[in-house]
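Residue numbers (the numbering used here): 2 to 188.
What follows is a short report on a single structure.
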(Lines of atoms letter the chains of each structure in order from A; the text may use other names.)
(Lines give C-alpha, C1' and ligand atoms only; values in the text may rest on other atoms or scores of the structure.)
Protein backbone atom coordinates (compact mmCIF):
# COMPACT_ATOMS: atom_id res chain seq x y z
CA UNK A 2 0.00 0.00 0.00
CA UNK A 3 1.45 3.33 -1.06
CA UNK A 4 0.61 6.85 0.03
CA UNK A 5 0.29 8.99 -3.10
CA UNK A 6 -0.36 12.67 -3.76
CA UNK A 7 -1.64 14.77 -6.61
CA UNK A 8 -1.81 18.47 -7.44
CA UNK A 9 -4.62 18.03 -9.99
CA UNK A 10 -6.35 14.71 -9.21
CA UNK A 11 -5.08 13.18 -12.47
CA UNK A 12 -1.32 12.81 -12.07
CA UNK A 13 -0.20 10.94 -8.97
CA UNK A 14 3.23 10.65 -7.33
CA UNK A 15 4.35 8.24 -4.64
CA UNK A 16 5.02 9.79 -1.23
CA UNK A 17 5.94 6.62 0.67
CA UNK A 18 5.18 2.93 1.08
CA UNK A 19 2.91 2.42 4.08
CA UNK A 20 3.13 -1.39 4.13
CA UNK A 21 3.91 -4.20 1.69
CA UNK A 22 3.76 -7.55 3.56
CA UNK A 23 0.79 -9.94 3.97
CA UNK A 24 -1.07 -8.63 0.88
CA UNK A 25 -2.23 -5.26 2.24
CA UNK A 26 -5.20 -3.65 0.53
CA UNK A 27 -8.12 -1.64 2.00
CA UNK A 28 -6.60 1.22 4.00
CA UNK A 29 -8.28 3.94 6.04
CA UNK A 30 -6.38 7.19 6.62
CA UNK A 31 -6.91 9.43 9.66
CA UNK A 32 -5.16 12.79 10.09
CA UNK A 33 -4.69 13.87 13.71
CA UNK A 34 -4.83 17.53 14.82
CA UNK A 35 -1.02 17.75 15.11
CA UNK A 36 -0.54 16.55 11.51
CA UNK A 37 0.32 12.94 12.33
CA UNK A 38 -1.20 10.47 9.86
CA UNK A 39 -2.58 7.07 10.89
CA UNK A 40 -3.30 4.31 8.38
CA UNK A 41 -5.34 1.23 9.32
CA UNK A 42 -4.46 -1.48 6.80
CA UNK A 43 -6.39 -4.69 6.03
CA UNK A 44 -4.09 -7.66 5.30
CA UNK A 45 -5.13 -10.72 3.30
CA UNK A 46 -2.42 -13.21 4.28
CA UNK A 47 -1.99 -14.85 7.70
CA UNK A 48 -2.15 -13.76 10.40
CA UNK A 49 -4.87 -11.56 8.76
CA UNK A 50 -4.57 -9.00 11.57
CA UNK A 51 -4.96 -5.35 10.58
CA UNK A 52 -1.93 -3.11 10.88
CA UNK A 53 -1.87 0.40 12.29
CA UNK A 54 0.84 2.56 10.71
CA UNK A 55 1.78 6.08 11.78
CA UNK A 56 3.87 8.80 10.08
CA UNK A 57 4.77 12.41 10.70
CA UNK A 58 4.53 15.15 8.05
CA UNK A 59 5.56 15.17 5.23
CA UNK A 60 4.83 11.39 5.45
CA UNK A 61 7.80 10.37 3.28
CA UNK A 62 9.85 8.79 6.08
CA UNK A 63 9.54 5.53 7.94
CA UNK A 64 6.10 4.46 9.19
CA UNK A 65 5.88 3.26 12.80
CA UNK A 66 3.78 0.07 12.75
CA UNK A 67 1.73 -1.82 15.32
CA UNK A 68 -0.01 -5.11 14.54
CA UNK A 69 -3.58 -5.05 15.77
CA UNK A 70 -5.32 -8.07 17.22
CA UNK A 71 -8.43 -9.59 15.72
CA UNK A 72 -9.74 -9.79 12.17
CA UNK A 73 -11.10 -6.75 10.34
CA UNK A 74 -12.04 -5.91 6.76
CA UNK A 75 -13.29 -2.66 5.21
CA UNK A 76 -11.89 -0.53 8.05
CA UNK A 77 -13.14 2.86 9.16
CA UNK A 78 -10.90 4.75 11.60
CA UNK A 79 -12.16 7.85 13.38
CA UNK A 80 -10.34 9.96 15.98
CA UNK A 81 -13.01 11.14 18.40
CA UNK A 82 -10.97 14.12 19.58
CA UNK A 83 -10.59 13.07 23.21
CA UNK A 84 -7.88 10.42 22.88
CA UNK A 85 -10.36 7.74 21.80
CA UNK A 86 -10.35 6.01 18.44
CA UNK A 87 -13.39 4.36 16.87
CA UNK A 88 -12.89 1.53 14.38
CA UNK A 89 -15.77 0.03 12.41
CA UNK A 90 -15.52 -2.84 9.96
CA UNK A 91 -16.51 -6.32 8.86
CA UNK A 92 -15.64 -8.81 11.56
CA UNK A 93 -16.49 -12.45 12.36
CA UNK A 94 -19.89 -12.80 13.98
CA UNK A 95 -18.36 -15.05 16.65
CA UNK A 96 -15.41 -13.36 18.38
CA UNK A 97 -12.32 -15.23 19.51
CA UNK A 98 -9.64 -17.38 17.86
CA UNK A 99 -10.75 -19.04 14.63
CA UNK A 100 -8.89 -21.30 12.23
CA UNK A 101 -10.25 -19.50 9.13
CA UNK A 102 -11.72 -16.13 10.23
CA UNK A 103 -12.16 -15.04 6.60
CA UNK A 104 -14.64 -17.86 5.98
CA UNK A 105 -16.89 -17.38 9.00
CA UNK A 106 -20.18 -15.38 8.96
CA UNK A 107 -19.55 -11.63 9.25
CA UNK A 108 -21.17 -8.59 10.84
CA UNK A 109 -20.33 -4.89 10.87
CA UNK A 110 -18.92 -4.21 14.34
CA UNK A 111 -17.70 -1.21 16.33
CA UNK A 112 -14.36 -1.35 18.17
CA UNK A 113 -12.30 0.90 20.40
CA UNK A 114 -8.68 1.05 19.28
CA UNK A 115 -5.68 1.50 21.54
CA UNK A 116 -3.16 3.00 19.08
CA UNK A 117 -0.19 2.20 21.33
CA UNK A 118 -0.84 -1.55 21.57
CA UNK A 119 -3.08 -2.17 18.54
CA UNK A 120 -5.74 -3.73 20.76
CA UNK A 121 -9.20 -3.69 19.20
CA UNK A 122 -11.78 -3.80 21.99
CA UNK A 123 -14.98 -5.18 20.40
CA UNK A 124 -18.20 -3.33 20.96
CA UNK A 125 -21.65 -3.52 19.44
CA UNK A 126 -22.38 -5.51 16.31
CA UNK A 127 -24.73 -3.60 14.04
CA UNK A 128 -27.71 -5.41 12.54
CA UNK A 129 -25.90 -6.86 9.54
CA UNK A 130 -24.70 -10.02 7.86
CA UNK A 131 -23.79 -11.75 4.63
CA UNK A 132 -21.89 -9.16 2.60
CA UNK A 133 -21.50 -6.16 4.90
CA UNK A 134 -18.98 -3.38 5.53
CA UNK A 135 -17.61 0.02 4.45
CA UNK A 136 -18.93 2.23 7.19
CA UNK A 137 -19.17 6.00 7.10
CA UNK A 138 -19.21 8.18 10.21
CA UNK A 139 -20.72 11.61 10.87
CA UNK A 140 -20.71 13.42 14.19
CA UNK A 141 -24.05 15.24 14.66
CA UNK A 142 -24.04 18.99 15.40
CA UNK A 143 -24.55 19.72 19.09
CA UNK A 144 -28.04 21.17 18.54
CA UNK A 145 -29.15 17.85 16.96
CA UNK A 146 -28.06 16.03 20.12
CA UNK A 147 -30.49 17.88 22.42
CA UNK A 148 -33.38 15.91 23.76
CA UNK A 149 -33.73 12.72 25.75
CA UNK A 150 -30.94 11.53 28.03
CA UNK A 151 -28.50 9.42 26.05
CA UNK A 152 -29.48 10.89 22.67
CA UNK A 153 -27.31 9.75 19.79
CA UNK A 154 -24.42 12.02 18.90
CA UNK A 155 -23.36 10.40 15.62
CA UNK A 156 -24.54 8.46 12.59
CA UNK A 157 -22.94 5.37 11.06
CA UNK A 158 -23.78 4.25 7.54
CA UNK A 159 -22.88 0.81 6.18
CA UNK A 160 -24.11 -1.66 3.62
CA UNK A 161 -25.39 -5.13 4.41
CA UNK A 162 -27.07 -8.05 2.69
CA UNK A 163 -28.63 -9.51 5.82
CA UNK A 164 -32.13 -8.90 4.54
CA UNK A 165 -31.62 -10.71 1.24
CA UNK A 166 -31.04 -14.28 0.07
CA UNK A 167 -30.03 -15.71 3.45
CA UNK A 168 -26.37 -15.51 2.42
CA UNK A 169 -26.71 -17.23 -0.94
CA UNK A 170 -25.75 -15.79 -4.30
CA UNK A 171 -28.34 -15.91 -7.06
CA UNK A 172 -25.92 -16.79 -9.80
CA UNK A 173 -22.27 -16.86 -10.75
CA UNK A 174 -22.31 -13.46 -12.45
CA UNK A 175 -24.90 -11.73 -10.28
CA UNK A 176 -23.98 -9.58 -7.30
CA UNK A 177 -25.46 -10.31 -3.91
CA UNK A 178 -28.16 -7.80 -3.03
CA UNK A 179 -27.38 -5.32 -0.28
CA UNK A 180 -28.98 -2.23 1.20
CA UNK A 181 -27.57 0.87 2.86
CA UNK A 182 -28.32 1.25 6.56
CA UNK A 183 -27.90 4.20 8.92
CA UNK A 184 -27.51 3.66 12.65
CA UNK A 185 -27.78 6.40 15.28
CA UNK A 186 -25.20 5.85 17.99
CA UNK A 187 -23.47 7.49 20.91
CA UNK A 188 -19.68 7.39 20.96
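Backbone N, C-alpha and C define an ideal beta-carbon position, used for all residues, glycine too.
_the ligand HEM heavy atom lying under 8 Å from the CB of residue 66_ = Among the components of this structure there are no ligands whatsoever, and the ligand HEM is therefore not found.
_On a Cα-Cα basis, can you pick out the residue from 21, 57 and 115 that is closest to residue 36?_
57
*Using alpha carbons as the reference points, say which of 75, 119, 124 and 79 lies closest to residue 53.*
119
*asked:* For residue 62 and residue 13, what's the separation of their Cα atoms in angstroms?
replied: 18 Å
*Beta carbon of residue 69, beta carbon of residue 133: below 9 Å?*
no
*Does DSSP put residue 161 in a helix, in a strand, or in coil?*
strand
_Rounded C-alpha distance that separates residue 154 from residue 26_ = 31 Å
*Closest to residue 44 by CA distance: which of 83, 9, 71 and 16 is it?*
71
*Reducing DSSP to helix, strand and coil, say where residue 129 ends up.*
coil
*asked:* If you reduce the DSSP assignment to three classes, tell me which class residue 43 lands in.
replied: strand
*So, residue 51 versus residue 73, is the Cβ gap smaller than 9 Å?*
yes
*Would you list the residues sitting across from residue 115 in a DSSP beta bridge?*
120
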